[in-house]
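K.L.:
For the sequence shown, our numbering gives the first residue as 5, with consecutive numbering after it. Glycine residues also receive a C-beta, built at the ideal position from the N, C-alpha and C atoms. All figures in this text were calculated on a predicted structure; none of them were measured in a lab.
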Amino acid sequence: DVCTPTHTHLPLSLAAIGGGKHVLSEKPLHTLAAPAFDAAARADAAGVRTKLGFTFRYSPAIRQIKRWIDDGTLGEIFHIHGFEQNSQWLDPDFPLRQVAPDAVRDKLIPSSIIGYGSHLIDLMRWLGGEFKSVASTMKNFIPDRVIRGEPGRQRVLIEDGATAIVEYQNGTQGMLQTSYIAVGNYPGVEIRVYGSKGAAVARLIDEFGVAETLKFATHDSVEFKPIEITQDVLPPGTTLNTPWPELYYRNLVRFFVDEILEDRPQECTFYDGAKSQEIVDAIIKAHYERRWVDLPATSA
5 DVCTPTHTHL PLSLAAIGGG KHVLSEKPLH TLAAPAFDAA ARADAAGVRT KLGFTFRYSP
65 AIRQIKRWID DGTLGEIFHI HGFEQNSQWL DPDFPLRQVA PDAVRDKLIP SSIIGYGSHL
125 IDLMRWLGGE FKSVASTMKN FIPDRVIRGE PGRQRVLIED GATAIVEYQN GTQGMLQTSY
185 IAVGNYPGVE IRVYGSKGAA VARLIDEFGV AETLKFATHD SVEFKPIEIT QDVLPPGTTL
245 NTPWPELYYR NLVRFFVDEI LEDRPQECTF YDGAKSQEIV DAIIKAHYER RWVDLPATSA
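1) Kindly give me the distance between the Cβ atoms of Ser-122 and Gln-270, rounded to whole angstroms, as I take these residues to be in contact under 8 Å.
2) Pick out whichever of Gly-202, Glu-250, Asp-5, Pro-249 has its Cα sitting closest to the Cα of Val-27.
3) Under a Cβ-count criterion, where at least 16 other Cβ atoms within 10 Å of its own Cβ denotes burial, should Glu-163 be classed as buried or exposed?
4) Taking the runs of the beta strand (DSSP E) that are 3 residues or longer, which of them lie wholly in the segment 10-53?
5) Using only the alpha-carbon positions, how far apart do Gly-132 and Arg-258 sit?
6) I'd like the list of long-range same chain contacts for Ala-20, defined as Cβ closer than 6 Å, with 5 residues on each side in sequence excluded.
7) If I measure Cβ to Cβ from Thr-59 and keep anything under 7 Å in the same chain, skipping five residues before and after, which residues do I get?
8) Count the other CB atoms, across all protein chains shown, that sit within 10 Å of the CB of Gly-192; report buried if there are 16 or more and exposed otherwise.
9) Of the residues Glu-211, Ser-63, Arg-152, which one's Cα is nearest the Cα of Pro-105?
10) So if DSSP puts Val-170 in a beta bridge, which residue, or which two residues, is it bridged to?
11) Compare the C-alpha of Lys-219 against each of Arg-196, Val-237, Lys-201 and name the closest.
12) Tell me, which residues are paired with Val-197 by DSSP?
13) According to DSSP, is Glu-250 helix, strand or coil?
14) According to DSSP, is Gly-121 part of a helix, a strand, or is it coil?
15) Answer yes or no: the CB of Gln-181 versus the heavy atoms of the ligand SAM, is any distance below 7 Å?
16) Let me know if Thr-234 comes out buried or exposed under the rule of 16 or more other beta-carbons within 10 Å of its beta-carbon.
17) Hey, quick one: how far does the alpha helix (DSSP H) through Ser-280 stretch, first residue to last?
18) Taking all protein chains shown into account, decide if Ala-189 is buried (16 or more other Cβ within 10 angstroms of its Cβ) or exposed.
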C-alpha cells in the first residue's frame, strides 16, 4: 500500500511490481500520463494486480448507478455530469498546501482540475466509456491566500475552479466541474446520469450525518425519488452514518483483496489512473489553447 508523498508513488510502486507484489497506490501514480502507462504495462507483464485510490468508485450509490447502466435500466445514456466542489479553500486565510516550491505564481497553476478532476474523470469513464474530445475553462477566483509555511497572504494564481465539456466516443455528452471555493461540505461529489428510460443522481456529500444519497426518476415519473441504500451493499460494519472516508476506503480495500484472492476482473487499475491523467492533461491543454482537444482513440 503506497500512501506516501506524491513524487514517491511511482518509484515505490515500480519497486513493488519488480518484487512481484500486488500494489495499491494513492493517486496520482505520476503527474504525467506516459510513466503511468509504462507502470501499468510493467504490472501486466509481471502478472500482478494494481489498484489506484479512486475512492469514489466504491460509493454504494455510484455502484448502483453503474448497475443501472449495465442492466439497461437507464436505457441509452445521453448525458453524464460530474461535480466535485466544496468550500475547502473558500477562506483565503485557511493555509493552502497545493503550491509546489518551484511554481510560477503569477501564472495560472492548474490545481482543482488535477486533485478533484482526476476522481470525476475516473467515474465518468467507468460509467460512460472512453472520452473522444474535451473543451474547458479554468480560473483563479481568490488570488491572495495564506500558504502553509509562509507569512501572511501571498499572491498565487492557483486554479480554484474549472469546467470541462466532454464528447464520448459513443456519442454521450458529458460535463464536469471542480471547485475549491463553492459553498458546500466535503467531499462535494455529485454524479448525474440521464438516459432514454431514466435518470439517477448520487450525492456524495456529508450532510446531517448521512454520507450519501441516491435518487431515481423515469421518463413517465419525472419526479426524482429517494432510493434506499440497503445494508447489504455497504461494507461490513458500516452504515450510511459512517464517515465517508471509512465507508469508501473500506470498500476499496475489500474489492482489491477479493480481486486477488478470487481472481476477479480488475478495476480502478494503474491503466485507469494513466487514462485519467491523460484526460487531465487534455483538459489543461484545451484551456490554454482555447480549443477542443482530441484524446487518443482507444477501446472502451
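P.N.:
If we stick to the structure as given:
1) Not really, about 18 Å apart at Cβ, beyond 8 Å.
2) Asp-5
3) buried
4) 27-29
5) 24 Å
6) Val-27
7) Tyr-252, Tyr-253, Leu-256
8) buried
9) Arg-152
10) DSSP, once it has assigned bridges, lists Val-138, Gly-178 as partnering Val-170.
11) Arg-196
12) Ile-84, Ala-204
13) For Glu-250, the secondary structure class from DSSP, reduced to helix, strand or coil, is helix.
14) Under the three-state reduction of DSSP, Gly-121 is assigned to helix.
15) As for the ligand SAM, it is missing from this structure, which has no ligand bound.
16) exposed
17) First-last of the alpha helix (DSSP H) with Ser-280: 274-293.
18) Looking at the sequence provided, one finds Asn at residue 189 rather than Ala. Per the 10 Å Cβ criterion, exposed.
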